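Residue numbers (the UniProt record's numbering): 1 to 164.
Since the structure comes first, as structure tokens, the remarks are kept for the end.
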């Protein structure tokens, strides 16, 4: 009897130490969010593309513009469209929630410096929600939605938004 009680106590005391409430998929997605932004900051566009869905990316930017069409990304495209002085983005408060066996919802804050369009940098702060999907054995991002966290400074819809 004492042997069973001792075993029960040992197991009971070690479970909280090893269980942090996150599934393996959630842990992997949080790690991949960090790896994705680390790669973007280092201009390692092969890694950025490897962490992105082969089916393409669906995105919405924090400038208030309309949703972007689905696009399959390439490292060459990233290199061609990323400014020389692209700034640095840091990630804070990453969370992940596994919705199904092959879908994880993630949200976090991105903050740092980005190009101001005049050769300098300006502060940047946004909330990011993303959906990560399992492709083969890898967790990759399928969609990112950036919403301004700059105290309400967002784009106001205008008639010109509807013109080609």
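We put the beta carbon where it would ideally sit given N, CA and C, even for glycine.
Since this is a predicted model, take the numbers as computed values, not measurements.
Relative to the Cα of residue 114, the nearest Cα in the group 103, 59, 126 belongs to 126.
Here residue 65 is exposed, its C-beta having fewer than 16 other C-beta atoms within 10 Å.
Secondary structure note for residue 41: its alpha helix (DSSP H) is the uninterrupted segment 24-42.
A distance below 8 Å separates the beta carbons of residue 128 and residue 107. Fewer than three beta-carbon pairs drawn from the stretch 37-48 and the stretch 20-28 are found closer than 8 Å, and the two stretches are therefore not classed as touching.
Residue state for residue 77 is assigned as helix, using DSSP reduced to three classes. Residue pairing from DSSP places residue 90 in a beta bridge opposite 111. By the criterion of at least three beta-carbon pairs nearer than 8 Å, the stretch 51-70 is in contact with the stretch 135-149. Ranked by Cα distance from residue 31, the first of 62, 93, 67, 75 is 93. A buried status is given to residue 62, since no fewer than 16 other beta-carbon atoms sit within 10 Å of its beta-carbon. The three-state secondary structure of residue 46, taken from DSSP, is helix.
Per DSSP, residue 140 is one residue of the beta strand (DSSP E) stretching across 138-148.
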